[in-house]
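Just so you know, the sequence shown maps onto residues 514 to 1014 in this note's numbering. I have placed the structure first, in the form of structure tokens, so that the comments after it can refer back to it.
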Amino acid sequence: MIFPEESKFLELAKQGNLIPIGREFPADAETPVSAYIKLSGQPGGAAFLLESAETGGRLGRYSFVGSRPTAVMEFRAGRVRLTTLSGEVQEKAPENPDPLDEVQEMLRGIQPVAAWPGDPPPFAGGAVGFLAFEAVRYFETSVGMAKRDDLGVPDACFALVEEFVIFDHEKKTRRLVVQVKTGKDPKADYQKGVARLDALEKRLAQPAGKSSAEIPKRPEGDLLLGATPNMLKSEYLKMAEGMQEHIRAGDIFQVVPSQRFTVPFQGRPIDLYRALRAINPSPYMFCLEMAGLALVGSSPETHVRCENGKVEIRPIAGTKPRGATPEEDAQHEKEMKADPKERAEHIMLVDLARNDLGRVCEYQSVKVVELMEVERFSHVMHLVSRVTGQLQPGQDAFQVMRATFPAGTVSGSPKVRALQILAESEPTRRGAYAGAAGYFSFDGNLDSCISIRTILLKGGKAHVQAGGGLVADSTPEGEYQESVNKAKAGLAAVAAARTLA
């Protein structure tokens, strides 16, 4: 059965020009991963899988899978390339380049109609993709960037998604969805939408192909063996020492230097996703394939969320490994919460989040509703806070992203000066690392994570980057080791994924 029926669809067409139609099935014979395998590799060259693991590793309520986007927008060095599903390519060089203007243009003129039965899912189609770290220069022109661009990652890449599958793990259903744009003949539009829905169902009925049923395990041994860093250890230590000179001079209070490790990888992005999900489940898990690259991530940290005018940032700063026993776990929590360095760094980043939200939220609406709560993940625990605000009239999700990008937890404080120092000091551009991944929904909502614990696949190689917060009493050696330890989680997933090929 198709929802809504044609007669209801024709009524809804009077309310707007974008209406979802769908079919619902039991989800017991399909998984998000098997659906992704079936749908990826289709014409259009882009696919996505978005999932969430709640604290404790349990899968969140919804998973979203899609491919065959209506268009894919790549933004590089101020130039825009738009590729449609039919293969038509349009290029332009805007006078005032801004990647978010181009994403907004993809969604312009759309008036979505709420036609979901029951509680609507958080994503109803829209623009799915990522902003690279260096995209900040379009929002804050005083920020430069590292001279060497050795990865060639776009400043931004977003796919316009109008066909996708929603897995509802609470109701144990999967819903096939097609967003139908209506015009002068809604009846004909409905029939075309039904044909698209039939085609989506047919693609999902095909076999998923061979895929290892083994559960990936964290590999043993030296994970750095065979990995190529983007700088020598001595260069990292010199960079960190130079940044501390800026701290001592009063230029900044904190900065987040990083380094990258590269290893060969010829496997499928979805196998790397399976490995990362098994080893390190997190609130934001994603596999994005577009623009000749793949981003596979398991990020613990919201960049910013905007839903029905309520804006939220959840800064994470403060990390301890999980204990081997409940008693050791409790001791690690106690030590982390009492550590003056961790507390000072965390408060600094909470203040930065408040300042960012204050640029787009109503006066006095910005509140710290949770402060330094402890969240536990598979291998680590974090200090996490939650800062919320009410969006000002006239502001939207795109302004929210501009006001908050990139996150203070991956740049530093004060943010603009920290960004300038990072651009002067790091040897290569960060690309996708420490940017943001997520979606701008047709209904005006936004959900995004910071692209940490995220692996870039491009040209037969896997790139893993990590950093740590440097403050006055940090040691360069300690920060070096922290970045190495964080990178090992991604390198472990790459090694585990090789066993699934």
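Idealized CB from N, CA, C, for every residue including glycine. These numbers were taken from a predicted model, which means no experiment stands behind them.
Provide the residue(s) that pair with residue i in DSSP beta bridges, ordered along the chain.
{"i": "Arg773", "result": "Gln978"}
{"i": "Met803", "result": "Leu806"}
{"i": "Arg594", "result": "Glu587 and Glu604"}
{"i": "Asp662", "result": "DSSP lists no partner for Asp662."}
{"i": "Ser961", "result": "Val817 and Gly951"}
{"i": "Ala640", "result": "Leu673 and Phe953"}
{"i": "Val768", "result": "Gly925 and Leu983"}
{"i": "Phe652", "result": "Answer is none; Phe652 lacks a bridge partner."}
{"i": "Thr941", "result": "Arg661"}
{"i": "Ala560", "result": "Ser580 and Glu802"}
{"i": "Phe538", "result": "Arg687"}
{"i": "Val881", "result": "Val900"}
Which same chain residues, not among the five before or five after residue i, have their C-beta less than 7 Å away from its C-beta?
{"i": "Ser996", "result": "Ser771, Gln772, Ala979, Gly980 and Gly981"}
{"i": "Ser924", "result": "Val769, Ala931, Leu932 and Leu935"}
{"i": "Ala628", "result": "Pro517, Leu525, Ile532 and Pro533"}
{"i": "Val649", "result": "Val656, Phe918, Pro919 and Leu932"}
{"i": "Lys854", "result": "Val984 and Asp986"}
{"i": "Pro612", "result": "Phe588, Leu644, Ala648, Tyr651, Asp668 and Ala669"}
If I measure Cβ to Cβ from residue i and keep anything under 8 Å in the same chain, skipping five residues before and after, which residues do I get?
{"i": "Asp702", "result": "Ala526, Val693, Lys694, Thr695 and Gly696"}
{"i": "Asp764", "result": "Arg930 and Ile934"}
{"i": "Arg661", "result": "Pro940, Thr941 and Arg942"}
{"i": "Ser747", "result": "none"}
{"i": "Gly755", "result": "Ser938"}
{"i": "Gln757", "result": "Leu983, Ala985, Ser987 and Pro989"}
From the options, pick the residue whose C-alpha is nearest to that of residue i; which is it?
{"i": "Ala584", "options": "Met756, Arg574, Ala590 and Leu595", "result": "Leu595"}
{"i": "Thr741", "options": "Val769, Pro732, Gly734 and Thr775", "result": "Thr775"}
{"i": "Gly831", "options": "Ser938, Leu785 and Val984", "result": "Val984"}
{"i": "Val626", "options": "Ile963, Glu992 and Ile532", "result": "Ile532"}
{"i": "Ile534", "options": "Glu564, Ala540 and Gly638", "result": "Gly638"}
{"i": "Ser891", "options": "Glu855, Ala566 and Gly622", "result": "Ala566"}
{"i": "Asp986", "options": "Glu543, Pro634 and Ala753", "result": "Ala753"}
{"i": "Lys999", "options": "Asn821, Val977 and Glu990", "result": "Val977"}
{"i": "Asn609", "options": "Ala590, Val602 and Glu875", "result": "Ala590"}
{"i": "Asn958", "options": "Gly991, Thr922 and Gln908", "result": "Gln908"}
{"i": "Asp842", "options": "Val602, Leu870 and Glu888", "result": "Glu888"}
{"i": "Phe766", "options": "Leu865, Glu604, Gly836 and Asp663", "result": "Leu865"}
{"i": "Pro777", "options": "Gly973, Arg592 and Glu564", "result": "Gly973"}
{"i": "Lys823", "options": "Gln617, Met803 and Ser878", "result": "Ser878"}
Is the Cβ-Cβ distance between residue i and residue j less than 7 Å?
{"i": "Phe643", "j": "Leu808", "result": "yes"}
{"i": "Val578", "j": "Val678", "result": "yes"}
{"i": "Ala950", "j": "Phe799", "result": "yes"}
{"i": "Ala669", "j": "Thr941", "result": "no"}
{"i": "Val873", "j": "Gln903", "result": "no"}
{"i": "Met861", "j": "Ser926", "result": "yes"}
{"i": "Phe652", "j": "Arg915", "result": "yes"}
{"i": "Val893", "j": "Pro839", "result": "no"}
{"i": "Glu537", "j": "Thr686", "result": "yes"}
{"i": "Arg899", "j": "Arg1011", "result": "no"}
{"i": "Ser795", "j": "Ile965", "result": "no"}
{"i": "Val691", "j": "Leu673", "result": "no"}
{"i": "Ala1008", "j": "Asn793", "result": "no"}
{"i": "Tyr993", "j": "Tyr786", "result": "no"}
{"i": "Ala788", "j": "Ala1006", "result": "yes"}
{"i": "Ile829", "j": "His759", "result": "no"}
{"i": "Leu1013", "j": "Asp784", "result": "yes"}
{"i": "Arg790", "j": "His682", "result": "no"}
{"i": "Leu523", "j": "Pro699", "result": "yes"}
{"i": "Glu814", "j": "Ile963", "result": "yes"}
Beta-carbon within less than 6 Å of residue i's beta-carbon, same chain only, minus the 5 sequence neighbours each way: which residues are those?
{"i": "Arg818", "result": "Glu825 and Asp960"}
{"i": "Leu498", "result": "Nothing can be reported for residue 498, as the shown portion of the chain is limited to 514 through 1014."}
{"i": "Leu801", "result": "Phe561 and Leu808"}
{"i": "Glu675", "result": "Thr583, Gly638 and Gln692"}
{"i": "Ile623", "result": "Leu531 and Phe955"}
{"i": "Phe680", "result": "Ala540, Pro545, Ser576 and Arg687"}
{"i": "Tyr549", "result": "Leu562, Val578 and Ile783"}
{"i": "Val666", "result": "Ala645, Gly944 and Ala945"}
Return yes when at least one heavy atom of the ligand COA lies under 6 Å from the C-beta of residue i, else no.
{"i": "Met914", "result": "The ligand COA is not part of this structure, which contains no ligands at all."}
Taking only runs that begin and end inside the stretch 890-918, name each unbroken alpha helix (DSSP H) of 4 or more residues, in chain order.
910-917
Original post:
Whole alpha helix (DSSP H) runs in the stretch 798-864 with 4 or more residues, listed along the chain?
Top reply: 839-851
Where are the beta strand (DSSP E) runs, 3 residues long or more, that stay fully inside the stretch 664-707, in chain order? 669-674, 676-681 and 686-694
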